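Residue numbering for the sequence shown follows the working numbering, beginning at -17 and increasing consecutively.
Where a beta carbon is used, it is the ideal one built from N, C-alpha and C, also for glycine.
Only a predicted model underlies this, so the values are computations on that prediction, with no experimental measurement involved.
Here is the structure we will look at, set down as structure tokens.
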Amino acid sequence: MYFYLPKEITEDKQKYRSLILLSIEQVKQEKQQTKKKRQSALGDLPNLNFKTRVVIESC
């Protein structure tokens, strides 16, 4: 996704830098939220692992 930034921001190094750092932080937070959602969704799934037992009947 691309955005047009006004000259006021692009010409001011401090504003431009802070905007970039905030954008990076936002992406990191979104990735963490996605990861947490995925983990909780997997945690909510039922455990479908079945263990089979062999029963030996004595005659």
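query: On the three-state DSSP scale, how would you describe Y(-2)?
result: helix
Length of the line joining the Cα atoms of L1 and K17: 24 Å
- request: Below 7 Å CB to CB, which residues in the same chain sit around K(-3) once its five sequence neighbours on both sides are set aside?
  value: I(-9)
Continuous alpha helix (DSSP H) stretch holding E(-7): start and end: Note, E(-7): premise wrong, no alpha helix (DSSP H); not H, not E.
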